[in-house]
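Number of protein chains: 2
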Amino acid sequence: MAALASGLLGSLDPTSDRAVFRQIADHLREAIDKGRFAEGAKLPSESELVEHFSVSRMTVRNALSILQSEGLVSSEHGKGVFVRPRPPVRRLASDRFARRHREQGKSAFIVEADAAGSRPEVDNLEVKEERPSTDVSARLGAPRRVLARRRRYLLDGRPVEFATSYLPLDIARDTPIAQPNPGPGGIYARLEELGHTLDHFEEEIRARMPSPLEIKTLQLATGVPVIHLIRTAFDTKGRAVEVCDTVMAADAYILNYHLPAK
Amino acid sequence: MAALASGLLGSLDPTSDRAVFRQIADHLREAIDKGRFAEGAKLPSESELVEHFSVSRMTVRNALSILQSEGLVSSEHGKGVFVRPRPPVRRLASDRFARRHREQGKSAFIVEADAAGSRPEVDNLEVKEERPSTDVSARLGAPRRVLARRRRYLLDGRPVEFATSYLPLDIARDTPIAQPNPGPGGIYARLEELGHTLDHFEEEIRARMPSPLEIKTLQLATGVPVIHLIRTAFDTKGRAVEVCDTVMAADAYILNYHLPAK
DNA sequence: CTCGGCTTCTTGTCTAGATATCTAAAGGAG
DNA sequence: CTCCTTTAGATATCTAGACAAGAAGCCGAG
Numbered sequence: 474m475a476a477l478a479s480g481l482l483g484s485l486d487p488t489s490d491r492a493v494f495r496q497i498a499d500h501l502r503e504a505i506d507k508g509r510f511a512e513g514a515k516l517p518s519e520s521e522l523v524e525h526f527s528v529s530r531m532t533v534r535n536a537l538s539i540l541q542s543e544g545l546v547s548s549e550h551g552k553g554v555f556v557r558p559r560p561p562v563r564r565l566a567s568d569r570f571a572r573r574h575r576e577q578g579k580s581a582f583i584v585e586a587d588a589a590g591s592r593p594e595v596d597n598l599e600v601k602e603e604r605p606s607t608d609v610s611a612r613l614g615a616p617r618r619v620l621a622r623r624r625r626y627l628l629d630g631r632p633v634e635f636a637t638s639y640l641p642l643d644i645a646r647d648t649p650i651a652q653p654n655p656g657p658g659g660i661y662a663r664l665e666e667l668g669h670t671l672d673h674f675e676e677e678i679r680a681r682m683p684s685p686l687e688i689k690t691l692q693l694a695t696g697v698p699v700i701h702l703i704r705t706a707f708d709t710k711g712r713a714v715e716v717c718d719t720v721m722a723a724d725a726y727i728l729n730y731h732l733p734a735k
Numbered sequence: 474m475a476a477l478a479s480g481l482l483g484s485l486d487p488t489s490d491r492a493v494f495r496q497i498a499d500h501l502r503e504a505i506d507k508g509r510f511a512e513g514a515k516l517p518s519e520s521e522l523v524e525h526f527s528v529s530r531m532t533v534r535n536a537l538s539i540l541q542s543e544g545l546v547s548s549e550h551g552k553g554v555f556v557r558p559r560p561p562v563r564r565l566a567s568d569r570f571a572r573r574h575r576e577q578g579k580s581a582f583i584v585e586a587d588a589a590g591s592r593p594e595v596d597n598l599e600v601k602e603e604r605p606s607t608d609v610s611a612r613l614g615a616p617r618r619v620l621a622r623r624r625r626y627l628l629d630g631r632p633v634e635f636a637t638s639y640l641p642l643d644i645a646r647d648t649p650i651a652q653p654n655p656g657p658g659g660i661y662a663r664l665e666e667l668g669h670t671l672d673h674f675e676e677e678i679r680a681r682m683p684s685p686l687e688i689k690t691l692q693l694a695t696g697v698p699v700i701h702l703i704r705t706a707f708d709t710k711g712r713a714v715e716v717c718d719t720v721m722a723a724d725a726y727i728l729n730y731h732l733p734a735k
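As structure tokens, then:
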């Protein structure tokens, strides 16, 4: 067993002033980068690494925790530490809200996932009226109360995105938008039917580490950041008619945007 | 000293099956979220936490390392553990490449930073010809060699962004673009002067944890992801004339985009 | 054959230290 | 007063071990 590790890993440099656990992490990282451990492959067990490098177990665990926080590996209790496979990514095109994509009966998420050969799911649906946060309130022009639509999106059983739409009550109350299923084309189609022809969207993007709640909701592995996207939809009168707050597992997404040079 | 910690922190629940170090992390996180420790404030020292919770030092360090990987706190050797202050963010507007912003003598980065009251710097400038990576090559239409322009941007001495522009040699060789300082309006102004009128840009955004090199180059604290942006510039003939690969400290940026509803 | 228990290997959690190194403040020499 | 040394307190690194708990295979009872 230890022979396997010796073949794939180097040895420590006792003259280096780099901490031992960092050196071990460096060796493992290099081995992974060079493909000596394939995606999904199991790394040598902690006790094998202890023997190979002649260090204590805590030192080995410290090294492994570095690789975990880098998102390179993930550990599974009772099984081992594995090279994290890259999940299939969802590409968000910059024209994803174009009117022509809204004609179908199914939602954009379902259509796209089917096309990519993945099994889409939407759950956690919650629709209710509430008092907006100061941020949402400011973006929507300070309505007293808003309709909040929450849902979670999954691909092949894996949660990838968690979103909440906020709409002013004077627009959404007692309309199909306040129903769990707003019908074909989603709430944007309904907004246009209600006379709020959409003009443009503003998107605001951040990236950060997830909160414990986000880790739980999106079942995120250690070392996976989230992309936080806040989209505001404006109608042709210049009014903000919807704010959508989305938290995405960063390893599952690539966002595409088209910018005119003007 | 321990009295201070007792006032601000709760106590452990011995009946809970949640690991002790997680409970400690939860307590500290809650105290930070509720503002009981302000931005930049020093957390109780490890030994104070050891005494307060009656656990061993490794358990306390384990808890603190969780908060570090969440980007909530950062430790300073010999000083203490501090609540991480939110750095000023740079907002990238969706019209930042509009022609009208290109008229000035200074680069967009300098102008913008001056306006925000920050002290901008650009360093690490390197301009050289090289063989493109397969990815860059594919985006640029498979040129044999490209001109690479590398630079790092800093605000008030803090590195925030690291970017490399790639241009096909038949466009850039023996032009001001191959000079360290390409002149007023930057390389986009020069491209247009050379007859490559810009039509649009495509941007591709990912977020992930930084590599050790990126941590070093951007002096990133633990728990800070990076935003990886790849922009391709197209001229009016539909040719890709430049690819810009940018890695940004995620805590220093908010990206804004404008999407027409069409 | 199937099912349940046992064993073994794995990672998870926690303890109780030891030594090193960095920081900042106090104190002494000049 | 200034400068250097000392010292206390902080985090960083590492060790050696203990017990818990999950996963998986072996193997005997039925």
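Residue numbers (my numbering), protein chains in the order written: chain R, 474 to 735; chain S, 474 to 735.
Here a beta-carbon is modelled for each residue, glycine too, at the ideal position from N, C-alpha and C.
With distance defined between alpha-carbon atoms, name the residue in the options nearest to residue i.
i             : options                    : result
residue 588/R : 711/R, 564/R, 572/R, 640/R : 564/R
residue 467/R : 550/R, 506/R, 665/R, 497/R : Lying before the first or after the last residue shown, residue 467/R is absent from chain R, which here runs from 474 to 735.
residue 668/S : 714/S, 719/S, 542/S        : 714/S
residue 515/R : 554/R, 536/R, 507/R        : 554/R
residue 546/R : 538/R, 557/R, 689/R, 520/R : 557/R
residue 682/R : 540/S, 551/S, 675/S        : 540/S
residue 617/S : 603/S, 544/S, 629/S        : 603/S
residue 709/R : 483/S, 734/S, 630/S        : 734/S
residue 533/S : 675/S, 521/S, 654/S, 505/S : 521/S
residue 653/S : 598/S, 572/S, 487/S        : 598/S
residue 705/R : 561/R, 729/R, 676/R        : 676/R
residue 487/R : 528/R, 566/R, 671/R, 658/R : 528/R
residue 658/R : 694/R, 585/R, 562/R, 574/R : 574/R
residue 483/S : 504/S, 490/S, 666/S        : 504/S
residue 517/S : 491/S, 490/S, 548/S        : 548/S
residue 729/S : 567/S, 571/S, 721/S        : 567/S
residue 624/R : 492/R, 646/R, 593/R, 648/R : 593/R
residue 538/R : 696/S, 513/S, 571/S        : 696/S
residue 666/S : 722/S, 572/S, 492/S        : 572/S
Can you check whether the CB of residue j is closer than 8 angstroms to the CB of residue i?
i             : j             : result
residue 619/R : residue 632/R : no
residue 700/S : residue 680/S : yes
residue 600/R : residue 651/R : yes
residue 550/R : residue 731/S : no
residue 536/S : residue 510/S : no
residue 519/S : residue 502/S : no
residue 485/S : residue 526/S : yes
residue 727/S : residue 562/S : yes
residue 621/R : residue 639/R : yes
residue 649/R : residue 641/R : no
What's the C-alpha gap between residue i and residue j?
i             : j             : result
residue 725/R : residue 717/S : 23 angstroms
residue 613/S : residue 636/R : 36 angstroms
residue 474/R : residue 608/R : Because the pLDDT at residue 474/R is just 42, under 50, the model does not fix this residue reliably, and the value given afterwards should be weighed accordingly. Distance between the alpha carbons of residue 474/R and residue 608/R is about 56 angstroms.
residue 678/S : residue 569/S : 16 angstroms
residue 591/R : residue 581/S : 42 angstroms
residue 664/S : residue 712/S : 12 angstroms
residue 719/R : residue 634/R : 7 angstroms
residue 507/R : residue 685/S : 16 angstroms
residue 610/S : residue 643/R : 52 angstroms
residue 552/R : residue 698/R : 25 angstroms
residue 692/S : residue 629/S : 13 angstroms
residue 671/R : residue 707/S : 28 angstroms
residue 476/S : residue 543/S : For residue 476/S, the pLDDT reaches just 44, beneath the cut-off of 50, and the residue's location in the model is therefore unreliable, although a value from the coordinates is still provided. Cα to Cα, residue 476/S sits roughly 27 angstroms from residue 543/S.
residue 645/S : residue 559/R : 36 angstroms
residue 499/S : residue 626/S : 36 angstroms
residue 689/S : residue 661/R : 44 angstroms
residue 490/R : residue 586/R : 50 angstroms
residue 687/R : residue 694/S : 21 angstroms
residue 647/R : residue 513/S : 47 angstroms
Please list, in chain order, the residues of the stretch 711-730 of chain S that have any C-beta partner in chain R closer than 8 angstroms. 723, 724, 726, 727, 728, 729, 730
Short-range partners of chain R found in the stretch 542-563 of chain S, where Cβ spacing is below 7 angstroms: 542, 543, 544
Curious, which full-length beta strand (DSSP E) runs of at least 3 residues does the stretch 525-588 of chain S contain? 546-549, 553-556, 563-565
Give, in chain order, every unbroken run of the beta strand (DSSP E) that is at least 3 residues long and sits entirely within the stretch 657-714 of chain S. 671-681, 699-708
What are the residues in the stretch 670-693 of chain S lying within 7 angstroms of chain R by C-beta distance? 671, 672, 673, 674, 675, 676, 677, 678, 679, 680, 681, 682
Output needed in chain order: residues of the stretch 564-576 of chain R with a Cβ under 8 angstroms from some Cβ in chain S. 567, 568, 570, 571, 572, 573
With a floor of 4 residues, list each alpha helix (DSSP H) that falls wholly inside the stretch 587-637 of chain R, ordered by position along the chain. 607-612
Taking beta-carbon pairs under 7 angstroms, can you tell me which members of the stretch 699-710 of chain S lie near chain R? 700
At a Cβ cut of 7 angstroms, what residues of the stretch 515-532 of chain R count as close to chain S, listed as they run along the chain? none
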